[in-house]
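*Asks:* The C-terminal position of the sequence shown is numbered 441 in the numbering used here, with every residue numbered one higher than the one before it.
For glycine and all other residues, C-beta sits at the position ideal for the given N, C-alpha and C.
The structure is given below, and queries will be raised subsequently.
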Amino acid sequence: MNTIKCPKCGEIFTIDEASYNDIVKQIHNKEFKKELKKQIETEIKIKEDEFDKKLIETENAKNSEINELKSQLQNLDNEKKLEIAKIEKEKDDKINNLKNELKNFDNEKKLEISEITVKKEKEIQELKHKLDDFNTEKKLEISEINNKHKNDLEKKDNEIQELRDYKKRLSTKMVGESLEQHCEIEFNKIRMTAFRNARFEKDNDTKPGTKGDYIFRDYDDDGTEFISIMFEMKNESDETKTKQKNESFFKKLDKDRNNKKCEYAVLVSMLEADNELYNSGIVDVSYQYPKMYVIRPQFFIPIITLLTNASRNSLQYKKELEIAKSQSIDIQNFEQDMNDFKEKFGRNYRLASDKFKTAIKKIDDTIKKLEEVKEALTSSENNLRLANDKAQDLSIKKLTKNNPTMREKFALLNAENNK
Numbered sequence: 023m024n025t026i027k028c029p030k031c032g033e034i035f036t037i038d039e040a041s042y043n044d045i046v047k048q049i050h051n052k053e054f055k056k057e058l059k060k061q062i063e064t065e066i067k068i069k070e071d072e073f074d075k076k077l078i079e080t081e082n083a084k085n086s087e088i089n090e091l092k093s094q095l096q097n098l099d100n101e102k103k104l105e106i107a108k109i110e111k112e113k114d115d116k117i118n119n120l121k122n123e124l125k126n127f128d129n130e131k132k133l134e135i136s137e138i139t140v141k142k143e144k145e146i147q148e149l150k151h152k153l154d155d156f157n158t159e160k161k162l163e164i165s166e167i168n169n170k171h172k173n174d175l176e177k178k179d180n181e182i183q184e185l186r187d188y189k190k191r192l193s194t195k196m197v198g199e200s201l202e203q204h205c206e207i208e209f210n211k212i213r214m215t216a217f218r219n220a221r222f223e224k225d226n227d228t229k230p231g232t233k234g235d236y237i238f239r240d241y242d243d244d245g246t247e248f249i250s251i252m253f254e255m256k257n258e259s260d261e262t263k264t265k266q267k268n269e270s271f272f273k274k275l276d277k278d279r280n281n282k283k284c285e286y287a288v289l290v291s292m293l294e295a296d297n298e299l300y301n302s303g304i305v306d307v308s309y310q311y312p313k314m315y316v317i318r319p320q321f322f323i324p325i326i327t328l329l330t331n332a333s334r335n336s337l338q339y340k341k342e343l344e345i346a347k348s349q350s351i352d353i354q355n356f357e358q359d360m361n362d363f364k365e366k367f368g369r370n371y372r373l374a375s376d377k378f379k380t381a382i383k384k385i386d387d388t389i390k391k392l393e394e395v396k397e398a399l400t401s402s403e404n405n406l407r408l409a410n411d412k413a414q415d416l417s418i419k420k421l422t423k424n425n426p427t428m429r430e431k432f433a434l435l436n437a438e439n440n441k
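Rendered as structure tokens:
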């Protein structure tokens, strides 16, 4: 057993060997740790001192290096300042030289400009004098032109007034005759080139009771008539109070056409000047009276040309029909000949149609003011097409319908074929 006295309370107590060894071991471990801690703290202090020493040495080295760099930087700065001062001096020298050169150049230019200014002012004065002379001449020319223009206007005004006075003095008969004279002159201009065999004459035959104004007839080289047109010309004075209508003359014109055995009837009219229908071109009024047209004076020659060309294409048919009336006809070949005629007539129609189209295109390209003629020609082409359709519909039965002799021969031929 071991006896132990408590250092705090002084009590003495006994412990066994094992407990004592544990207490001794605890004390020993505590002292050891304390000693170990003291040693570690000592070593740390030494390490800290060494670190502080090295830190001081490093800071001193850095400070020394910094001072060295500062010294080098100061030297560089001094060198730069010297270099900049040198450059500034050179720059000032160059600026001074340039100022001197510029001053000399400015003086030279001022002298040159002064000389040019004097020269230009002299030229300007000369041009001013020329311009004044030119303006004076132009004013004289303009004055002469104005006077001439004024005289021309007065002359035209006088002519217009004379024409108005003349129209006022014209009687209704004289107004109509002036349109007739216009149409006759227009026809005579192209008579020898376009209508060598044609006749265009006044209708002076009053036996049937009435008469038209003009009759147009055209013939082939053998003297066979292939077209005839009864013309009526209607005009009226601007001062006429009672305005007439085109339709008022249709019935008489159709009667005159039949009395004089004309194929077509054409009313050349200046009536109803504001009527868009009659101003559009060639107006077909066959829905009222057969083969009748109404035109303005500018379409006088085109309507003759159009109807003449159409009738000339049927001339061969008319000749063959006349031959058929005067001699015996081979009935078996009659239908074949008729089909041959149809084919030729159709070919002639197509050729005429192509020519019409070409003429229309040329008129359209060169004279825009005759656009109405183009529409009129196109409308007439439709009439030709209808005529061609009617010709295509022609047959031997229709031709012999009112011919007892041909009807009898045709019946005999059918009877022989049925045997």
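Counting beta carbon pairs with one atom in the region 298–313 and one in the region 271–290, are three or more of them shorter than 8 Å?
*Replies:* yes
*Asks:* Which runs of the beta strand (DSSP E) fall wholly inside the region 277–330 and span at least 3 residues, in chain order?
*Replies:* Correct list: 286–291, 314–317.
*Asks:* Indicate whether the contact test is met: 3 or more Cβ pairs, each with one atom in the region 331–340 and one in the region 221–229, closer than 8 Å.
*Replies:* no
*Asks:* Are the beta-carbon atoms belonging to L289 and K265 less than 8 Å from one another?
*Replies:* In the sequence shown, counting from the first residue as 1, residue 289 sits at position 267. In the sequence shown, counting from the first residue as 1, residue 265 sits at position 243. Result no, Cβ atoms of L289 and K265 do not sit closer than 8 Å.
*Asks:* Quick check on K256: does DSSP put it in helix, strand or coil?
*Replies:* As a first step, residue 256 is located in the sequence shown; it is residue number 234 there, counting from the start. Looking at K256 - three-state DSSP - the assignment turns out to be strand.
*Asks:* Is S165 helix, strand or coil by DSSP?
*Replies:* Along the sequence shown, read from residue 1 onward, the residue named residue 165 stands at position 143. It is helical.
*Asks:* Which whole-angstrom value describes the C-beta separation of K233 and D240, a residue pair presumed to lie in contact below a C-beta threshold of 8 Å?
*Replies:* Here the question's residue 233 lines up with position 211 in the sequence shown. Here the question's residue 240 lines up with position 218 in the sequence shown. Contact flag wrong, Cβ pair sits at about 20 Å.
*Asks:* Between the Cα of S291 and those of D114, S302, E79, E101, spot the shortest distance and give me the residue it belongs to.
*Replies:* Numbered from its first residue, the sequence shown carries residue 291 at position 269. Among D114, S302, E79, E101, the Cα nearest to that of S291 is on S302.
*Asks:* For the beta strand (DSSP E) containing E33, list its first residue and its last residue.
*Replies:* Numbered from 1 along the sequence shown, position 11 holds the residue referred to as residue 33. No beta strand (DSSP E) holds E33; DSSP gives it neither H nor E.
*Asks:* Helix or strand or just coil, what does DSSP make of K267?
*Replies:* The residue labelled residue 267 in the question sits at position 245 within the sequence shown. Three-state DSSP puts K267 in coil, outside helix and strand.
*Asks:* Relative to the C-alpha of F271, which candidate in C284, F253, Q338 has its C-alpha closest?
*Replies:* Within the sequence shown, the letter at position 249 stands for residue 271. For the residues C284, F253, Q338, the minimum Cα distance to F271 belongs to F253.
*Asks:* If we count the other Cβ atoms within 10 Å of its Cβ and call it buried at 16 or more, is D128 buried or exposed?
*Replies:* In the sequence shown, residue 128 corresponds to position 106, counting from 1. Answer is exposed; the Cβ neighbour count stays below 16.
*Asks:* Quick check: K170 and I237, are their CB atoms within less than 8 Å of each other?
*Replies:* For the purposes of this step, residue 170 is taken as the residue at position 148 of the sequence shown. For the purposes of this step, residue 237 is taken as the residue at position 215 of the sequence shown. Contact flag unset, no.
*Asks:* Classify N119 as buried or exposed, calling it buried when 16 or more other Cβ atoms lie within 10 Å of its own Cβ.
*Replies:* Numbered from its first residue, the sequence shown carries residue 119 at position 97. Per the 10 Å Cβ criterion, exposed.
*Asks:* Tell me the rounded alpha-carbon separation between D235 and I251.
*Replies:* Mapped onto the sequence shown, residue 235 falls at position 213. Mapped onto the sequence shown, residue 251 falls at position 229. Looking at the two C-alpha atoms, the distance is approximately 11 Å.
*Asks:* Rounded to whole angstroms, what's the CA-CA distance from K141 to K161? Just pull it up for me.
*Replies:* To locate residue 141, count along the sequence shown from 1; it is residue 119. To locate residue 161, count along the sequence shown from 1; it is residue 139. If you take the alpha carbons of K141 and K161, they lie about 30 Å apart.
*Asks:* Taking all protein chains shown into account, decide if P324 is buried (16 or more other Cβ within 10 angstroms of its Cβ) or exposed.
*Replies:* If you number the sequence shown from 1, residue 324 lands on position 302. It is buried - the Cβ of P324 has at least 16 other Cβ atoms within 10 Å.
*Asks:* Which term fits E258, buried or exposed, when burial requires 16 or more other beta carbons within 10 angstroms of its beta carbon?
*Replies:* On the sequence shown, position 236 is the one that residue 258 refers to. Result: buried.
*Asks:* Is DSSP giving K233 helix, strand or coil here?
*Replies:* Here the question's residue 233 lines up with position 211 in the sequence shown. Of the three classes helix, strand and coil, the one that applies to K233 here is coil, per DSSP.
*Asks:* With a Cβ-Cβ cutoff of 8 Å, do E208 and F322 count as a contact?
*Replies:* In the sequence shown, counting from the first residue as 1, residue 208 sits at position 186. In the sequence shown, counting from the first residue as 1, residue 322 sits at position 300. Yes, they are a contact pair.
*Asks:* Beta-carbon of A287 versus every beta-carbon of chain D: anything under 8 Å?
*Replies:* In the structure shown, chain D does not exist; there is a single protein chain.
*Asks:* Taking the DSSP output, what are the residues bridged to E238?
*Replies:* On the sequence shown, position 216 is the one that residue 238 refers to. A small correction: the amino acid at residue 238 is Phe; Glu does not occupy that position in the sequence shown. Under DSSP, the beta-bridge partners assigned to F238 are F222, I251.
*Asks:* Is the beta carbon of L328 less than 8 Å from the beta carbon of Y286?
*Replies:* Along the sequence shown, one-based indexing puts residue 328 at 306. Along the sequence shown, one-based indexing puts residue 286 at 264. Taking a C-beta distance under 8 Å as the contact criterion, L328 and Y286 do not qualify as a contact pair.
*Asks:* Assign L201 to one of two classes, buried (16 or more other C-beta atoms within 10 Å of its C-beta) or exposed (fewer than that).
*Replies:* For this step, residue 201 is matched to residue 179 along the sequence shown. Buried, since its Cβ has 16 or more Cβ neighbours within 10 Å.
*Asks:* Which value, in whole angstroms, describes the spacing of the CA atoms of G245 and V307?
*Replies:* As a working note, residue 245 is residue 223 in the sequence shown. As a working note, residue 307 is residue 285 in the sequence shown. Roughly 31 Å between the two C-alpha positions.
*Asks:* Can E298 and N268 be called in contact, C-beta distance under 8 Å?
*Replies:* Here residue 298 corresponds to residue number 276 of the sequence shown, with the count starting at 1. Here residue 268 corresponds to residue number 246 of the sequence shown, with the count starting at 1. No, the pair does not count as a contact, with Cβ atoms beyond the cut-off.
*Asks:* For a test of the three-state rule: what should DSSP assign to D71, helix, strand or coil?
*Replies:* The sequence position of residue 71 within the sequence shown is 49, counting from 1. Helix at D71.
*Asks:* Given this structure, state the Cα-to-Cα distance separating T80 from Q94, to the nearest angstrom.
*Replies:* Here residue 80 corresponds to residue number 58 of the sequence shown, with the count starting at 1. Here residue 94 corresponds to residue number 72 of the sequence shown, with the count starting at 1. The straight-line gap separating the alpha-carbon atoms of T80 and Q94 is approximately 21 Å.
*Asks:* Cα separation between E39 and K55?
*Replies:* Taking the sequence shown and counting its residues from 1, the one referred to as residue 39 is at position 17. Taking the sequence shown and counting its residues from 1, the one referred to as residue 55 is at position 33. Whole-angstrom Cα-Cα distance: 24 Å.
*Asks:* With burial defined as no fewer than 16 other Cβ atoms inside 10 Å of the residue's Cβ, what is the status of F248: buried or exposed?
*Replies:* Your numbering for residue 248 matches position 226 in the sequence shown. With 16 or more other Cβ atoms within 10 Å, it is buried.
*Asks:* With DSSP run on the structure shown, which of helix, strand or coil describes D154?
*Replies:* Residue numbering aside, residue 154 sits at position 132 when the sequence shown is read from its first letter. Reduced to three states, the DSSP call for D154 is helix.
*Asks:* Could you check the C-alpha separation between L91 and L104 for me, to the nearest Å?
*Replies:* Walking along the sequence shown from the start, residue 91 turns up at place 69. Walking along the sequence shown from the start, residue 104 turns up at place 82. Using only the alpha carbons, I get a separation of about 20 Å.
*Asks:* Quick one: using the 10 Å Cβ neighbour count with 16 as the cut-off for buried, is C156 buried or exposed?
*Replies:* Along the sequence shown, one-based indexing puts residue 156 at 134. A small correction: the amino acid at residue 156 is Phe; Cys does not occupy that position in the sequence shown. F156 should be labelled exposed.
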